[in-house]
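In the working numbering, the protein residues as written are 19 to 135. For glycine and all other residues, C-beta sits at the position ideal for the given N, C-alpha and C.
Here you go:
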């Protein structure tokens with residue numbers, strides 16, 4: 019199981035660390051045995067499949083991990099915080115993520131959860 023996720027920054031900060039595509043490819047290279055080019059191509063293909071599906075209006079289900087879904091949000095009233103002026107916020111389509119029950123259990127129970135693959 020992969021536990022140590024490399025971080026790009028040597029400086030410790032309060033920000034959530036970002037796992038880059040290059041770091042994912044490096045993990046595939048180190049742990050799966052793919053060469054660096056294959057690992058990079060696999061990461062790119064993975065994100066391209068998700069991106070293309072969402073762009074086409076389809077949901078994406080990653081078994082045991084979660085679902086990426088599209089949601090249409092209607093126009094709603096907003097307010098400029100400086101002036102208090104009412105400003106309409108345009109209708110838009112957003113991507114949402116819903117964690118699977120397995121992922122929720124793992125997060126909630128930590129090492130105690132059984133995370134079947």
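Reduced DSSP secondary structure (H/G/I, E/B, other) of residue i
i	result
residue 75	coil
residue 53	coil
residue 123	helix
residue 63	helix
residue 82	coil
residue 45	helix
residue 58	helix
Integer-rounded CB distance, given that residue j should sit under 8 Å from residue i
i	j	result
residue 86	residue 77	6 Å
Cβ-Cβ distance between residue i and residue j below 8 Å
i	j	result
residue 109	residue 95	no
residue 113	residue 80	no
residue 107	residue 119	no
residue 121	residue 65	no
residue 43	residue 63	no
residue 61	residue 46	yes
Contacting residues, own chain, Cβ-Cβ under 8 Å from residue i (five flanking each side not counted)
i	result
residue 111	88, 89, 90 and 91
residue 53	47
residue 100	none
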